[in-house]
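Heads up, the sequence shown is in this note's numbering, so the first residue is 2 and it goes up one at a time.
Reading through the structure tokens given below for one structure.
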Amino acid sequence: MALTMQSPGSFGPGTQLPPLAGSAPRSPPDGATRNLTSREKRTFKEKLLTMVQDAELQEQQALREAQTQDKKSLSIGMLMEGRPQAFVDFFYLTHTNGGAASTSGVQRYEEEELPQESLLLLKAQLAKADAASREGHTEEVFGSYKALAKYFAQLGRLRKAEFFFKQALHTARDAGWITGELDANLALGVVYEELQDIQSAIACYERRLELASENMLSADMETAYQNLTNVYLGQAENQEVDNDTPGALDSYTKCLNAAERAGNSQVRAKAHYRMGMLHYQQQRWHDAMYHLRKFTEEGAAALGDKVAEGVAFTTLAQCLREVGDADGAVASLEQYLETMQRGQEQSGPAIACCSLGNLYYDQGDYARAVTYFEKFFEIARTLSDRRILDTARFNLGVARGAMRMSKYMDLVNTDLPRLILWKNSRAEF
């Protein structure tokens, strides 16, 4: 059958012609090329990222293996040198976190691997301590443990510092070396304060005070009292936050005694102030008056807190009022106002003027009550406190009304026309 030739136009629109024999293969469209190239590029980036991550993981694994090998070789070396105690301490410190729980960022940091230089220092000092212990050189053993404790404290590894200060303490105690035991208790107390373990810090400082007292070491006793002053104060403040009033009062009492022995007038003043306020809250008026008087008479100047001074005077006046000594309350508040100068902190004088106004109002002396309520109102206008200003305005209005009540009643009973005139004009009568 004869073949019929077809012209190019006989192929439908968009129909591709078959390639001629020996011609180059037809390239794909430009869009397909771009998609393929983009896909190849994305694949390459992903492969590169994966390779980098794998390399980092391998590097970390190699570092861990090297450190493990270093720890293992150093441990074996101590055993071969005949240092079993050094080996035990080294193994404990490099395979545990020194007894710390992993519940905070600081404690998690304790669990991180020690750097190489730390391992070498640790081995050297432990071996030195072991050798000195065998020869009975207590001070050298103590010195090695203390050096390690200070080193780890500087690194922020407080649990490891605690471990070595404890080792130093046991060394000094077993040898009956008082100086070393005093030193170790002080250092341990500081570490426990940093760890916010207040009870352990108190135990260390109290033991230090006991040792110093037994051996008549006045300088160490003074230092121990100063340390105890600070930790007792911190403990009392924490107990106040927890609403443990009996515990807070007990801690403030200990703080007060320690502050008096240490000659710390500021902490003594603060203890008197807080104890006075706590007794006032418990309605123990006489106990509150004792401590608040101590504060206002002896400690307010040392503390330098004008707000606390104003609160102390007004609270003392309230206690005096509760026990029936209104004249004493007035005298206390007027004494306070005389000591305050214009331009100083004014919330205290404002409260004092308000309290004096209330006292005179209760006594029926409305003229003096109005005088102090007017002062209270003047000060309240400068304090930018709407609640205090509203109180001042209300008290002043009530006192003025009470002061004019007798004249008003006279008008009601005797001069009705004048009363009507006053009602229309509100003029003074």
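Using N, Cα and C, we set each Cβ at its ideal position, and we do this for glycine too.
Small disclaimer: the values here were computed from a predicted structure and weren't measured.
**Message:** At the level of alpha carbons, what is the spacing between R387 and D363?
**Reply:** Taking the first residue of the sequence shown as 1, we reach residue 387 at position 386. Taking the first residue of the sequence shown as 1, we reach residue 363 at position 362. Approximately 25 Å, taken between the alpha carbons.
**Request:** For E163, count neighbouring Cβ atoms within 10 angstroms of its own Cβ and tell me buried if that reaches 16, exposed if not.
**Result:** Here the question's residue 163 lines up with position 162 in the sequence shown. By the neighbour-count rule (16 or more Cβ atoms within 10 Å), E163 is buried.
**Prompt:** Three-state secondary structure (DSSP) at H138?
**Reply:** To locate residue 138, count along the sequence shown from 1; it is residue 137. In this structure, H138 counts as coil in the three-state DSSP scheme.
**Message:** What does the alpha-carbon distance come out to for the pair L121 and A313?
**Reply:** Against the sequence shown, residue 121 aligns to sequence position 120. Against the sequence shown, residue 313 aligns to sequence position 312. Distance between L121 and A313, taken at the CA atoms: about 59 Å.
**Request:** Indicate the three-state DSSP secondary structure (helix, strand or coil) for D221 in the structure shown.
**Result:** On the sequence shown, position 220 is the one that residue 221 refers to. Helix.
**Item:** Nearest to E194 (by Cα), restricted to the options V232, S219 and E223
**Value:** By 1-based counting over the sequence shown, the position of residue 194 is 193. Looking at the Cα atoms, V232 is the closest of the given residues.
**Request:** To the nearest angstrom, report how far apart N186 and S145 are at their CA atoms.
**Result:** Taking the sequence shown and counting its residues from 1, one reaches residue 186 at position 185. Taking the sequence shown and counting its residues from 1, one reaches residue 145 at position 144. Distance between N186 and S145, taken at the CA atoms: about 16 Å.
**Asked** Looking at C-beta atoms only, is the number of pairs between the region 385 to 404 and the region 347 to 365 that lie closer than 8 Å three or more?
**Response** Contact holds: three or more Cβ-Cβ distances are below 8 Å.
**Message:** Once the 5 residues before and after H280 are set aside, which same chain residues still bring their CB inside 6 Å of it?
**Reply:** Taking the sequence shown and counting its residues from 1, one reaches residue 280 at position 279. Sequence-distant partners of H280 (beyond 5 residues in either direction) whose C-beta falls short of 6 Å from its own C-beta, in its chain, are D288 and A289.
**Message:** Check whether the region 202 to 212 and the region 220 to 239 touch, using three or more Cβ-Cβ pairs below 8 Å as the test.
**Reply:** Touching, yes, given that three or more Cβ pairs across the two stretches are closer than 8 Å.
**Prompt:** For F374, is the classification buried or exposed, using 16 other Cβ atoms within 10 angstroms of its Cβ as the cut-off for buried?
**Reply:** As a first step, residue 374 is located in the sequence shown; it is residue number 373 there, counting from the start. By the 10 Å Cβ count, F374 comes out buried.
**Message:** Buried or exposed for M406, going by 16 or more other Cβ atoms inside 10 Å?
**Reply:** For the purposes of this step, residue 406 is taken as residue 405 along the sequence shown, with counting starting at 1. Of the other Cβ atoms in all chains shown, fewer than 16 fall within 10 Å of the Cβ of M406; this residue is therefore exposed.
**Asked** Since S1 is in the alpha helix (DSSP H), which residue starts that stretch and which ends it?
**Response** Nothing can be reported for residue 1, as the shown portion of the chain is limited to 2 through 430.
**Prompt:** I179 to E241, Cα distance in whole Å?
**Reply:** Here residue 179 corresponds to residue number 178 of the sequence shown, with the count starting at 1. Here residue 241 corresponds to residue number 240 of the sequence shown, with the count starting at 1. Cα to Cα, I179 sits roughly 36 Å from E241.
**Delimiting residues of the alpha helix (DSSP H) encompassing T316** = Position 315 of the sequence shown, counted from the start, is the residue given in the question as residue 316. First-last of the alpha helix (DSSP H) with T316: K307 to E323.
**Prompt:** How is the alpha helix (DSSP H) around L170 delimited, first residue to last?
**Reply:** By 1-based counting over the sequence shown, the position of residue 170 is 169. Counting along the chain, L170 sits inside the alpha helix (DSSP H) bounded by residues L159 to A176.
**Message:** Suppose the cutoff is 8 Å on Cβ atoms and the five residues either side in sequence are ignored; what does the same chain contact list for Q319 look like?
**Reply:** Within the sequence shown, numbered from 1, the residue matching residue 319 stands at position 318. When the five nearest sequence neighbours on each side are left out, the beta carbons in the same chain lying within less than 8 Å of the beta carbon of Q319 are those of Y281, A330 and S356, in order along the chain.
**Prompt:** Going by C-alpha distance, which of A128, L257 and T297 is nearest Q336?
**Reply:** Working through the sequence shown from its first residue, we reach residue 336 at position 335. The candidate whose alpha carbon is nearest that of Q336 is T297.
**Request:** Can you tell me which of the three DSSP states N258 falls into?
**Result:** The residue given as residue 258 occupies position 257 in the sequence shown. Secondary structure of N258 (DSSP, three-state): helix.
**Asked** By Cβ distance, which residues of its chain are closer than 6 Å to T34, with the 5 residues on each side in sequence left out?
**Response** Residue mapping note: residue 34 aligns to position 33 of the sequence shown, counting from 1. For T34, the pLDDT reaches just 49, beneath the cut-off of 50, and the residue's location in the model is therefore unreliable, leaving the point undetermined.
**Prompt:** According to DSSP, is D328 helix, strand or coil?
**Reply:** To locate residue 328, count along the sequence shown from 1; it is residue 327. D328: helix per DSSP, three-state reduction.
**Asked** Are A1 and A393 touching if we call contact CB-CB under 8 Å?
**Response** The chain is shown only over 2 to 430; residue 1 falls outside these bounds and no answer can be derived.
**Supposed close pair L234, C256 - CB separation, criterion 8 Å** = For the purposes of this step, residue 234 is identified with residue 233 of the sequence shown, where counting begins at 1. For the purposes of this step, residue 256 is identified with residue 255 of the sequence shown, where counting begins at 1. For a cut-off of 8 Å, the C-beta gap from L234 to C256 is around 5 Å, short enough to register as a contact.
**Message:** For R269, count the other beta carbons within 10 Å of its own beta carbon; 16 or more makes it buried, fewer makes it exposed. Which is it?
**Reply:** As a first step, residue 269 must be located in the sequence shown, where it is residue number 268. Buried is the call here.
**Neighbourhood of L196 by C-beta, 7 Å cutoff - its chain only, sequence neighbours within 5 removed** = Sequence index remark: in the sequence shown, residue 196 carries index 195 (1-based). Scanning its chain for C-beta atoms nearer than 7 Å, with the 5 sequence neighbours on each side dropped, one finds around L196 the residues L159, in chain order.
**Prompt:** Do L293 and L317 have their C-beta atoms within less than 8 Å of each other?
**Reply:** Numbered from its first residue, the sequence shown carries residue 293 at position 292. Numbered from its first residue, the sequence shown carries residue 317 at position 316. Going by beta carbons, L293 and L317 fall inside the 8 Å limit.
**Request:** Determine, using beta carbons only, whether A237 and S266 come nearer to each other than 8 Å.
**Result:** Mapped onto the sequence shown, residue 237 falls at position 236. Mapped onto the sequence shown, residue 266 falls at position 265. No, the Cβ-Cβ distance between A237 and S266 is not below 8 Å.
**Asked** Can you tell which of A272, L189, D366 and A249 has the C-alpha that lies nearest to the C-alpha of A154?
**Response** In the sequence shown, counting from the first residue as 1, residue 154 sits at position 153. Taking the Cα of A154 as reference, the smallest distance to any Cα among A272, L189, D366 and A249 is reached at L189.
**Asked** Is the CB-CB distance between A169 and K147 below 8 Å?
**Response** In the sequence shown, the residue the question calls residue 169 occupies position 168. In the sequence shown, the residue the question calls residue 147 occupies position 146. Taking 8 Å as the Cβ cut-off, A169 and K147 qualify as a contacting pair.
**Message:** Please classify N216 as buried or exposed, where buried requires at least 16 neighbouring CB atoms within 10 angstroms.
**Reply:** Locating residue 216 in the sequence shown gives position 215, counting from the first residue. N216 is exposed by the Cβ-count criterion.
**Request:** Using three-state DSSP, classify G181 as helix, strand or coil.
**Result:** Here residue 181 is taken as the residue at index 180 of the sequence shown, counted from 1. DSSP places G181 within a helical segment (H, G or I) once states are collapsed to three.
**Message:** Assuming S226 and A259 are in contact, meaning their beta carbons sit under 8 Å apart, how far apart are those beta carbons, in whole angstroms?
**Reply:** Stepping through the sequence shown from its first residue, residue 226 is reached at position 225. Stepping through the sequence shown from its first residue, residue 259 is reached at position 258. The sequence given here has Tyr at residue 226, not Ser. Yes, they are in contact, since the Cβ atoms of Y226 and A259 sit about 5 Å apart, within 8 Å.
**Request:** Compute the Euclidean distance between the alpha carbons of S214 and H138, then round it to the nearest angstrom.
**Result:** Position 213 of the sequence shown, counted from the first residue, corresponds to residue 214. Position 137 of the sequence shown, counted from the first residue, corresponds to residue 138. S214 and H138: Cα-Cα distance of roughly 27 Å.
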